[in-house]
Amino acid sequence: LLLVGSNLRFVADEPDAPLARCEGDCDSDKDCGPDLVCFLREDGGGVPGCGGDPRSDEDDYCISPQDIPTVVPSSVPSKRPTLLLTAGPTMKSFDDEKLTGAVEDWFDNR
Numbered sequence: 003l004l005l006v007g008s009n010l011r012f013v014a015d016e017p018d019a020p021l022a023r024c025e026g027d028c029d030s031d032k033d034c035g036p037d038l039v040c041f042l043r044e045d046g047g048g049v050p051g052c053g054g055d056p057r058s059d060e061d062d063y064c065i066s067p068q069d070i071p072t073v074v075p076s077s078v079p080s081k082r083p084t085l086l087l088t089a090g091p092t093m094k095s096f097d098d099e100k101l102t103g104a105v106e107d108w109f110d111n112r
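The sequence shown begins at 3 in my numbering and counts up by one.
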């Protein structure tokens, strides 16, 4: 079960004020309000924790870090969804290098 927060809302390409959760277009975490991060999308895709369809494949949105899927299922229930590794386009986030490293470590340690 994936809980979805607000619907996506495009504010501006270069916003004047910090963006709220599920608002875009951000270019870095600095464009987002407190406790939010910029979810950088490459080749489109959905936005974790937000409902609706992005305006375009190039727009990026502010999300809560808790909305970012985990790489490996946790041993206890949590509110964070697990990222299912499938063929096709990948999601990019502020943390992509860590995510890739965690996936490689997980497979190396199996």
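Where a beta carbon is used, it is the ideal one built from N, C-alpha and C, also for glycine. What you are looking at is a predicted structure, and each value in this text was computed from that prediction instead of being measured.
message: I need the straight-line Cα distance from D69 to S77, nearest angstrom please.
response: 18 Å
message: Quick check: the Cα distance between P91 and E44, rounded to an integer number of angstroms?
response: Note on P91: pLDDT 44, under 50, position unreliable in the model; no value is reported.
message: Taking a contact to mean a Cβ-Cβ separation below 7 Å, would you say D59 touches D27 in this structure?
response: no
message: Among D31, K32, C24, whose alpha-carbon lies nearest the alpha-carbon of R57?
response: C24
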